[in-house]
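Visitor:
Number of protein chains: 2
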Amino acid sequence: MPRNTQIVLDNRPQGAATEGNFRLIATDTPPLTDGQVLVRHHYLSLDPYMRGRMNEGKSYAACQPLGEVMIGGTVGEVVESRHPRFAAGDKVVGMGGWQEYSVVDGNAPGLLRKVEGGPVPLSYYLGAVGMPGVTAWYGLTQIIAPKAGETVTVSAATGAVGSAFAALAKARGCRVVGVAGGPQKCRYATEELGFDACIDHRLHTDVKSMSRALKDACPDGIDGHFENVGGTILDAVLLRANAFARVALCGMIAGYDGAPLPLQNPALMLINRMRVEGFIVSEHMQLWPQALQELAALVVAGTLHPRESIAQGLASAPAAFIGLLHGKNMGKQLVKLI
Amino acid sequence: MPRNTQIVLDNRPQGAATEGNFRLIATDTPPLTDGQVLVRHHYLSLDPYMRGRMNEGKSYAACQPLGEVMIGGTVGEVVESRHPRFAAGDKVVGMGGWQEYSVVDGNAPGLLRKVEGGPVPLSYYLGAVGMPGVTAWYGLTQIIAPKAGETVTVSAATGAVGSAFAALAKARGCRVVGVAGGPQKCRYATEELGFDACIDHRLHTDVKSMSRALKDACPDGIDGHFENVGGTILDAVLLRANAFARVALCGMIAGYDGAPLPLQNPALMLINRMRVEGFIVSEHMQLWPQALQELAALVVAGTLHPRESIAQGLASAPAAFIGLLHGKNMGKQLVKLI
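Line order of the protein sequences matches chains A and B. Residue numbers for the first sequence follow our numbering, beginning at 17 and rising by one. Residue numbers for the second sequence follow our numbering, beginning at 17 and rising by one.
(1) Can you check the segment 48-121 of chain A for any beta strand (DSSP E) of at least 3 residues that lies completely inside it and give the ranges in chain order?
(2) Tell me whether V297/B sits in a helix, a strand or coil according to DSSP, three-state version.
(3) Classify H57/A as buried or exposed, calling it buried when 16 or more other Cβ atoms lie within 10 Å of its own Cβ.
(4) Please determine, among N345/B, A275/B and Y154/B, the residue with the shortest C-alpha to C-alpha distance to P305/B.
(5) Would you identify the three-state DSSP class for D212/B, choosing helix, strand or coil?
(6) Taking only beta-carbon atoms, is P148/B less than 9 Å away from chain A?
(7) Counting only beta-carbon separations shorter than 9 Å, does C266/B have a partner in chain E?
(8) Between the beta-carbon of A183/A and the beta-carbon of L209/A, is there less than 9 Å?
(9) Determine whether the Cβ of I238/B lies closer than 9 Å to any Cβ atom of chain A.
(10) If you measure between the beta carbons of V168/A and F260/A, is that distance less than 9 Å?
(11) Beta-carbon within less than 8 Å of N123/A's beta-carbon, same chain only, minus the 5 sequence neighbours each way: which residues are those?
(12) Tell me which residues of the segment 276-306 of chain B have at least one Cβ-Cβ distance to chain A shorter than 9 Å, keeping chain order.
(13) Apart from the five residues on each side of it in sequence, which residues of its chain come closer than 6 Å, Cβ to Cβ, to M268/A?
(14) Are the CB atoms of S61/B and L350/B within a distance shorter than 9 Å?
(15) Against chain B, does G329/A count as a neighbour if the rule is that its beta carbon must be under 9 Å from one of theirs?
(16) Against chain A, with Cβ distances strictly below 9 Å, would L250/B count as a contact?
(17) Can you say whether D63/A is buried or exposed, counting buried as having 16 or more other CB atoms within 10 angstroms of its CB?
(18) Using the rule of at least 16 other Cβ atoms within 10 Å of the residue's Cβ for burial, across every protein chain shown, is R262/A buried or exposed?
(19) Let me know if V316/A comes out buried or exposed under the rule of 16 or more other beta-carbons within 10 Å of its beta-carbon.
(20) So, for A172/A: in the same chain, excluding its five sequence neighbours on each side, which residues have a beta-carbon less than 6 Å away from its beta-carbon?
(21) Using only CA atoms, which one of L255/A, N37/A, M17/A and A33/A lies nearest to I23/A?
(22) Could you tell me how far apart the beta carbons of V91/B and V109/B are, in whole angstroms, since I believe they sit closer than 8 Å?
(23) Using the beta-carbon of each residue, which ones in chain B are nearer than 7 Å to G175/A?
(24) Starting from the beta carbon of G246/A, find every residue of chain B whose beta carbon is closer than 8 Å, and list them in chain order.
(25) Just how far apart, CA to CA, sit T319/B and K348/B?
(26) Cβ of A180/A within 9 Å of Cβ of A213/A?
(27) Do L97/A and L40/A have their C-beta atoms within less than 9 Å of each other?
(28) Quick one: residues in its chain with C-beta nearer than 6 Å to the C-beta of I249/A, no 5 flanking neighbours on either side, listed in chain order?
(29) Do C234/A and R203/A have their beta-carbon atoms positioned less than 9 Å apart in this structure?
(30) Would DSSP call R191/A helix, strand or coil?
(31) Please look up how many angstroms separate the CB atoms of L265/B and G240/B, rounded, as I've assumed it's under 8 Å.
(32) Taking the C-alpha atoms as reference points, what is the distance between G68/B and I296/B?
(33) Buried or exposed: where does M70/A fall if 16 or more other Cβ atoms within 10 Å of its Cβ makes it buried?
(34) In the DSSP assignment, find the unbroken beta strand (DSSP E) run with V263/A in it and report its ends.
(35) Whose C-alpha, out of P199/B, G198/B, Q200/B and Q158/B, is nearest the C-alpha of A185/B?
(36) If we count the other Cβ atoms within 10 Å of its Cβ and call it buried at 16 or more, is G89/B buried or exposed?
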């Protein structure tokens, strides 16, 4: 069996997460028992939700235990199988974690999914045609449920979720406005991702300024918002929301480090008769096939073709992850493991 | 035509509303033209939403214009009619405002509604079997939509909305926990209104303390919350909410005077995958008949029989209204005009 390299959570962040919270270890992969599959990971996905799990206490999922391999989505290839449904050479998506190999129970429902090669690049199954894409799809179609002509907004617009959100919303005839950090990302949003406008949040660091920028970019107000960030952006969106606007709460990354970020004027949810709904996409597995089908079709059609930021080698994962939390990546953040 | 007495909004509150914001004037009632009805008001309803309309700027309804009769629900008797559907002696509910008489266009849909005398006291059409009752019904059935056995909570528990909420939720097999101000109101809630428990918010003025009190009163967590107040209570409810909890936002009275009250940790809406929805009951008129029918049945059955606080004479309305905002009333606040 091959030697494995793994990254475990060594200690919990005090405030901002640092590379020192993680530890790289070398282990042996255990021999397979009946029903198990050995997967060699080609790519590891880095996603903002991982930051929430590094904290102790109540989050929407069990927190990441210390000393265990960090949770994470992976795509790779079966190298050995003692399960009849998997064979060496199969391309598979799973939650293999921050490591080069994983041993997976082939019988556990949803743990390992075979994917096609072909027109969709393998790495896309961790982004546009994977969990982030389905996340955008769920928030847009199940919570915001926009009509053609409505205006929808999304924060972290150029990330894996935001880029899928733009393609899905444009396909429904919406005006789509993004919020991202820096002129380069904003240009990428409008020139490559299909956004009608993109607001650089670095130029609008307080609620008043962000609210004015939203007013300019959304002359008919905001009918739906997909929140990946929280803080100033959400406060400003509430000021520009139309009656009966819907907000899909997917991430509050702005408050993951340190103290919770308050919402300045929650009465606006009442004044605007809004619906604000939090969700976690893994609780809606029955909708994934439908979502993945639409996302794959958009990729094949060429209307969803986001960039990727690829770090090389498992040891680069902690730094790449911290960079992601600070918005240093452009597009989906991956770690290439082969 | 009879002389009329009216109360107009004289000036807008700077911070807390005061009696000095209102002005009492005497006028003549104009002669009726075709299609009009003259109504003598027996009772005027005082409700927290009126405070929001006294402010300038964006609220869920047009703000109350200066120098005009204050908006308000009324119940009374037709004294003269030039409309075929109304006759002298008819008992009617309407939005007659803070005045003794009103002249109403009998053709305007929804402005004037005939009600039965009989087992439902006339004044109840402003409370349990009126707008506040329907408000409770809408939030409970259309937003919270509880299953039997779930725990639901409500702030301003002994008010007109809270008391109807308790009866409606008990009828659906829920555990119902109220929050009210003072031991007298809490006793009234559990002994007369059917609440399973009631928390005195005067004993729990910070979020931590309120959260502990909610934990004691809701050992299985909170599945649904009806918010009339906002502030500390809502912050604490979010800390005790179960996964997929629903919050009906009906009032944020805690923030009506002065600066907006922030929500301390909005990320809990995501962590708990909650749905928070603001509403205004007058935008859902198609559901009123169904709601009023259930509410009237509960009154007739004796399971909904809230107390009323009755101020005598129109001139007492401003003081009674300020008292309502400070929680001085016990049960539905009315002004008796005859």
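In this text, a Cβ means the ideal position worked out from N, Cα and C, and glycines have one as well.
Guide: To lay it out plainly:
(1) 52-61, 90-97, 107-110 and 117-121
(2) helix
(3) Buried, since its Cβ has 16 or more Cβ neighbours within 10 Å.
(4) Y154/B
(5) The DSSP-derived three-state label of D212/B is coil.
(6) no
(7) Looking for chain E here will not work: the only protein chains present are A and B.
(8) yes
(9) no
(10) no
(11) G51 and H99
(12) P276, L277, P278, L279, Q280, N281, P282, A283, L284, M285, L286, I287, N288, R289, M290, R291, V292, E293, G294, F295, I296 and E299
(13) Non-local beta-carbon contacts of M268/A in its own chain, meaning distances under 6 Å to residues more than five positions away in sequence, involve G246 in chain order.
(14) yes
(15) No, G329/A does not count as interfacial toward chain B.
(16) yes
(17) buried
(18) buried
(19) exposed
(20) G178, N244 and V245
(21) The closest CA to that of I23/A, considering only L255/A, N37/A, M17/A and A33/A, is found on N37/A.
(22) 5 Å
(23) Within chain B, no residue comes near G175/A; the closest Cβ sits about 16 Å away, beyond 7 Å.
(24) P282 and A283
(25) 16 Å
(26) no
(27) In the sequence under discussion, the amino acid at residue 97/A is Ser, which differs from the Leu named in the question. Using a Cβ distance threshold of 9 Å, S97/A and L40/A do not count as a contacting pair.
(28) S171 and V195
(29) Their beta carbons are not under 9 Å apart, which means R203/A does not touch C234/A by this criterion.
(30) strand
(31) Contact flag wrong, Cβ pair sits at about 12 Å.
(32) Near 13 Å, if we compare the C-alpha coordinates of I296/B and G68/B.
(33) Buried.
(34) If you look at V263/A, you'll find it in the beta strand (DSSP E) that goes A257 to L265.
(35) Q158/B
(36) buried
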